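Please read the structure below before turning to the comments.
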Amino acid sequence: MHLKTWMATGLLGLLVACGAGAPDAVGEETKDKKNFSIVAGEATVQAGADGNVEISIVPAKGYKWNKDFPAMLTLKSGADDVVAVKTETFKGDAFKSKDKQVSVAAGITGKKAGASTVSGELRFSVCNEESCIIATEKVEAKVTVK
Numbered sequence: 001m002h003l004k005t006w007m008a009t010g011l012l013g014l015l016v017a018c019g020a021g022a023p024d025a026v027g028e029e030t031k032d033k034k035n036f037s038i039v040a041g042e043a044t045v046q047a048g049a050d051g052n053v054e055i056s057i058v059p060a061k062g063y064k065w066n067k068d069f070p071a072m073l074t075l076k077s078g079a080d081d082v083v084a085v086k087t088e089t090f091k092g093d094a095f096k097s098k099d100k101q102v103s104v105a106a107g108i109t110g111k112k113a114g115a116s117t118v119s120g121e122l123r124f125s126v127c128n129e130e131s132c133i134i135a136t137e138k139v140e141a142k143v144t145v146k
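Residue numbers for the sequence shown follow the numbering used here, so the first one is 1 and each next one is one higher.
And the structure:
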């Protein structure tokens, strides 16, 4: 075996043994890398009354909210007719920064007594010094109507 071939084979074996695999696709984040967390609040409202449910994005240590990205939250009412979403789409100024997290307060109306969920999709970006992550996440908040 030639010296170059032997060295290349040895280096490849060492990389595999150390856990180095094929690189991810450009811009792809693996599932085990958490750059943020999403906190969906719970709300309780009276039947016929208005209230709010809060959805928050908390960037992980070393990351920050990307205020230049056009973040958007799209919500829909529960299918059981217990709660209605007053506004379905939130953009721009609806996202409020406070204490290293960003939140959206979604207006809801209690329709009849019971438990339900408000679900939707959240699209946003967080960045660190090296790169920005663009995420699209499903969200679900529990609502109790009394």
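C-beta: ideal position from N, C-alpha, C; glycine also.
Because the structure is a prediction, the values reported are computed rather than measured.
Subject >> Ala113 (DSSP reduced to helix, strand or coil) >> reply: coil
Original post:
Start and end of the beta strand (DSSP E) containing Thr87?
Top reply: Note, Thr87: premise wrong, no beta strand (DSSP E); not H, not E.
Original post:
Taking the DSSP output, what are the residues bridged to Val143?
Top reply: Ala43, Ser116
Original post:
Helix, strand or coil: how does DSSP classify Ala71 here?
Top reply: coil
Original post:
Thr117: buried (16+ other C-beta within 10 angstroms of its C-beta) or exposed?
Top reply: buried
Original post:
Taking Gly120 as the reference, which of Gly107, Cys127, Glu137, Asn128 has the closest Cα?
Top reply: Among Gly107, Cys127, Glu137, Asn128, the Cα nearest to that of Gly120 is on Glu137.
Original post:
Exposed or buried, Ala43, counting other C-beta atoms within 10 Å across all chains shown (16 or more means buried)?
Top reply: buried
Original post:
Helix, strand or coil: which one does DSSP assign to Ala135?
Top reply: strand
Subject >> Rounded separation between Phe69 and Gly92 - CA only >> reply: 9 Å
**OP:** Sort out for me which residues DSSP pairs Phe124 with in a bridge.
**Re:** Ala135
**OP:** Return the CA-CA distance between Ala76 and Glu88, expressed in angstroms with no decimal places.
**Re:** Looking at the sequence itself, residue 76 is Lys, so the reference to Ala does not match. Using only the alpha carbons, I get a separation of about 6 Å.
**OP:** Could you tell me if Ser56 is buried or exposed, where buried requires 16 or more neighbouring beta carbons within 10 angstroms of its beta carbon?
**Re:** buried
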